[in-house]
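Once you know that position 278 of the sequence shown is 278 in the numbering used here, the rest is easy, because the numbers rise by one and skip nothing. We treat Cβ as the ideally placed atom computed from N, Cα and C, and that holds for glycine. Heads up, the thing below is written out as structure tokens.
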Amino acid sequence: MHENNEKMLHLLGYLQGILDVFRPAFSREASFENFKVAVTGFLMADEVNAVTDLVRYFEYPEPDKLYERLISFFHASSYSVKDMQKLWADVVGELGCHVKIGKFNLLVGDGVKVAKSGSVMACVKKMHQESGSMAKRPYIFGHFYGSMGAVIGSGPKAFFLPVETTIQDGTNTVKSWKDPSHQEKSHVVQMMESADRCLTAMGSSILSLDRYFLTLSAVGTLKDTNESQENVANGRSLILVTKTRKNCVAFELPPQQSPHKRGRKRLKGATVKLYDLFEKEEAKFKEATLFFYGKEQKVEYYSIDLLWGAGRYHPMRFVLVKHDGMRSILASSSDTLDPGQIIESYAYRWKCEQAFKDAKHTVGTFSSHFWTLAMPRLDRYRRKGLPDPLAAVDDKNRQRRIIGNYEAFEKMAMVGSIAQGLLQLLALEADGIGYEPTKYLRSRSQQVMSEDSMNYELRKTIKWGIGPNGSSPIPCFINPMLAS
1 MHENNEKMLH LLGYLQGILD VFRPAFSREA SFENFKVAVT GFLMADEVNA
51 VTDLVRYFEY PEPDKLYERL ISFFHASSYS VKDMQKLWAD VVGELGCHVK
101 IGKFNLLVGD GVKVAKSGSV MACVKKMHQE SGSMAKRPYI FGHFYGSMGA
151 VIGSGPKAFF LPVETTIQDG TNTVKSWKDP SHQEKSHVVQ MMESADRCLT
201 AMGSSILSLD RYFLTLSAVG TLKDTNESQE NVANGRSLIL VTKTRKNCVA
251 FELPPQQSPH KRGRKRLKGA TVKLYDLFEK EEAKFKEATL FFYGKEQKVE
301 YYSIDLLWGA GRYHPMRFVL VKHDGMRSIL ASSSDTLDPG QIIESYAYRW
351 KCEQAFKDAK HTVGTFSSHF WTLAMPRLDR YRRKGLPDPL AAVDDKNRQR
401 RIIGNYEAFE KMAMVGSIAQ GLLQLLALEA DGIGYEPTKY LRSRSQQVMS
451 EDSMNYELRK TIKWGIGPNG SSPIPCFINP MLAS
């Protein structure tokens, strides 16, 4: 037991070292200390439904003051989400535990919808809820977040570590108040630009997205990213791996044309219905054993290089996959990846869905409930096409308060994302030093602890104490302001 306590102290020192990296993001020392308080609250709370839950485990003599301090912290102007994102990306980029596909790191991204019941919260909008369950309403009101991150770990245990988490819909009016030159961008373009920012810290990477992102705007933004002066000078490149719909159409390469023939050269060849190739090219399918979804599995695949995108005709590699009675068509923006690498890259995309579940139910990343009376009251029955009441707000003071409310949601989501990433890094570090968990929350299936198990270990450390005379080292070890 004593040896395990020493290892826990090592983990706390590892955690302290990462938290200290964020000091340059804050212009005031008090804001930095409050940041550490908020992160530690996320790390230890067994359930986070609001800011209140971040202060429950500190046994602070004046919890009301600590609560008010955290509310002020999320609304403070002494730091920005962009500064935290940049420093966090640098931390993640320097890790030695990235999942590698060939020589490339692996990035994964997706959107997540979070219901909000408040009627005076910034950027809340009506969203369609895709679900096969009749128990869920077809429409909800809430925030639409986009998250981009790296896949870390090794072997059967890998995590999606969120690097950037921002609200990506319903924000145009608020952003135009901050920056009059702001231009509206779709969720797809914002995610591709987020991947471009991550590329600076991660180096050359594969970006795995679901089929929603196979659009001309995504491929166009990808081309701009790869052709940018900075990325070309540093030898960085981004490869998009995604899935296509069953009705996806591509084109053969144009036939060679005689130089003496008059007229414009052909841009494409014959049209190819990709799903029909499962029958037409059945004899050309190859069998392989690949590692994905945590184990080695047999798949059949057929690869073909075609042009995609009406009017643009981008060269892409398509991989038709048959596995366990299911058929899928994957696409890569580069022919440097072999079919097996494309299949493995897309299979890791599912890690972000698992991470979103943990972010909601374990960490509480999206649990904020900030509100402001400066916000026009939400009309849940406003008809489509009617003007947005938010656009009619012209009072500068009200605009400032609404902007602060919007930024508070993004700041808490970013702090929660950092806390989730820290739980993952602590779990991997604990496995590396041989830390033995006190107990498992479910049947042990992996060598590396989950975020939930690591959360329990930290919470147990606070309650039982492992320091001198049974005292807990976490408040004074991580948050000096709480020790006073």
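Query, Result
"With the cut-off set at 7 angstroms, would you say SER368 and ASN49 are in Cβ contact?", "no"
"Nearest to LYS243 by alpha carbon, out of ILE342, LEU306, ALA392?", "ILE342"
"Are the beta-carbon atoms belonging to VAL174 and ALA218 less than 7 angstroms from one another?", "no"
"From this set, ALA76, SER72, LEU70, LEU428, which residue's C-alpha is nearest SER27's C-alpha?", "ALA76"
"Which of the three DSSP states is assigned to THR362 in this structure?", "helix"
"Quick one: grab the DSSP three-state call for GLU287.", "strand"
"Just mark LEU373 as buried or exposed, buried being the case when its beta carbon has 16 or more other beta carbons within 10 Å.", "exposed"
"Can you give me the start and stop residues for the beta strand (DSSP E) that LYS243 sits inside?", "238–243"
"Per the contact definition of three or more C-beta pairs closer than 8 angstroms, is the segment 111–127 in contact with the segment 194–206?", "no"
"Which residue comes first and which comes last in the alpha helix (DSSP H) that contains ARG349?", "Premise fails: ARG349 is in no alpha helix (DSSP H) and is neither H nor E."
"Would ALA283 be called buried (16 or more neighbouring beta carbons within 10 Å of its own) or exposed?", "exposed"
"Let me confirm a value: GLY364 is counted as buried when at least 16 other C-beta atoms fall within 10 Å, else exposed. Which label applies?", "buried"
"Is the beta carbon of GLU281 closer than 7 angstroms to that of GLY269?", "no"
"So the candidates are ASN397, TRP350, LEU422; which of them puts its Cα closest to the Cα of ASP20?", "LEU422"
"So ASP305 is in the beta strand (DSSP E); what residue range does that whole segment cover?", "295–308"
"From HIS323 to LEU390, what does the alpha carbon distance come to, in whole angstroms?", "49 angstroms"
"Roughly how far, in whole angstroms, is the beta-carbon of ILE433 from the beta-carbon of HIS10, given that I think they are within contact range, below 8 angstroms?", "6 angstroms"
"Is it true that the CB of VAL124 sits closer than 7 angstroms to the CB of LYS515?", "This structure cannot speak to residue 515, because the chain is shown only from 1 to 484."
"With distances taken Cα to Cα, identify the nearest neighbour of ASP452 among PHE159, GLU296, LEU277, LEU12.", "PHE159"
"Less than 6 angstroms between C-beta atoms, sequence neighbours within five positions excluded: which residues of the same chain meet that for PRO63?", "VAL55"
"Relative to the C-alpha of TYR213, which residue among TYR139, SER228, LEU240, ARG197 is closest?", "Sequence inspection shows Phe at residue 213; the Tyr mentioned does not correspond to that position. Residue LEU240 is the option with its Cα nearest to PHE213."
"Alpha carbon to alpha carbon, how far is ALA419 from TYR275?", "43 angstroms"
"Measuring CA to CA, which of PRO387, PRO376, GLY416, GLY385 is closest to ILE402?", "PRO376"
"Going along the chain, which residues of its own chain have a beta-carbon closer than 6 angstroms to the beta-carbon of LYS7, five neighbours each way excluded?", "ILE433, TYR435"
"So LEU458 packs on LEU107, CB below 8 angstroms; how close in whole Å?", "Contact flag wrong, Cβ pair sits at about 28 angstroms."
"Quick one, which of LYS157, ILE152, VAL39 has its alpha-carbon nearest MET449's?", "LYS157"
"Given this structure, state the Cα-to-Cα distance separating SER72 from VAL415, to the nearest angstrom.", "14 angstroms"
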